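Inspection log for the structure reproduced underneath, given as structure tokens.
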Amino acid sequence: MSNLFDPSIPVPQIHSDIDTVSDYLGTVGIEGSQSELLCFANFARASHNSGNKSVTDIYSAANLAIKNVHSYPASAEAAKRLLVSPVSTADCERGLSRQNVIKTDLRNCLTVKNLEHLMKISIEGNDCKDVDFKVIYKLWAGKKQRRIIKNNNDTCHYFVLCI
């Protein structure tokens, strides 16, 4: 579908793409759109070739179709579907994998808020080597009365798990 909106590809090379998009639009209730798609492809390429700086790539050509929805309704519908189609699901899969690492049987009582915070730290956070654990420990210890383990020479043990 993206070749239809790519202004750098000449119209004769996208006839099969126009047929494919027209067939797809027919399945969602927009019949007989092949000639309109061809007209829009010519219009977008003419705008691009005339030096129009607002039509430079696939995204801008799709936005051009949406702006001209009254003239090219099928092209606008195809553009809307192109712009919302997911390019990759890798980020979603990576997030779910990270959630499975964080939320184990031992930590199954996490609230949604805490799980969200831990996932943000895990996915977007810095490496553990950049973290000053003494500051974190002092903040944690100062929040409420805690029993802190000290050895014979009054130094605290820091047990921190990096997720």
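Going by full-length UniProt numbering, the first residue of the sequence shown is number 1, and it counts up by one from there.
Glycine included, every Cβ here is placed at the ideal spot set by N, Cα and C.
Since we're looking at a predicted model, the values are computed, not measured.
- Under the criterion of beta carbons closer than 8 Å, Phe5 and Leu82 qualify as touching, at roughly 6 Å.
- Leu106 and Lys113 have their C-alpha atoms spaced approximately 17 Å apart.
- Its chain contains no residue whose beta carbon lies nearer than 8 Å to that of Lys144 once the 5 sequence neighbours on both sides are disregarded.
- Taking the Cα positions, Thr20 is about 49 Å away from Cys109.
- By the neighbour-count criterion, in which 16 or more other beta carbons inside 10 Å mark a residue as buried, Arg94 falls on the exposed side.
- The way I'd put it, the stretch 62-71 doesn't touch the stretch 96-106; fewer than three beta-carbon pairs between them come closer than 8 Å.
- The alpha-carbon separation between Ala76 and His70 amounts to approximately 9 Å.
- Residue range His15 to Thr27 is occupied by the alpha helix (DSSP H) that includes Val21.
- One alpha carbon belongs to Thr56, the other to Phe40, and they sit about 15 Å apart.
- Straight-line measurement puts the Cα of Gly142 at about 22 Å from the Cα of Cys128.
- No residue range can be given for Phe5, since it is assigned to no alpha helix (DSSP H) and is classified by DSSP as neither H nor E.
- With a 10 Å radius around the Cβ and a threshold of 16 neighbouring Cβ atoms, Pro86 comes out exposed.
- Counting the other Cβ atoms within 10 Å of the Cβ of His48 gives 16 or more, which makes it buried.
- Take the alpha-carbon of Thr27 and the one of Ala46: they are about 29 Å apart.
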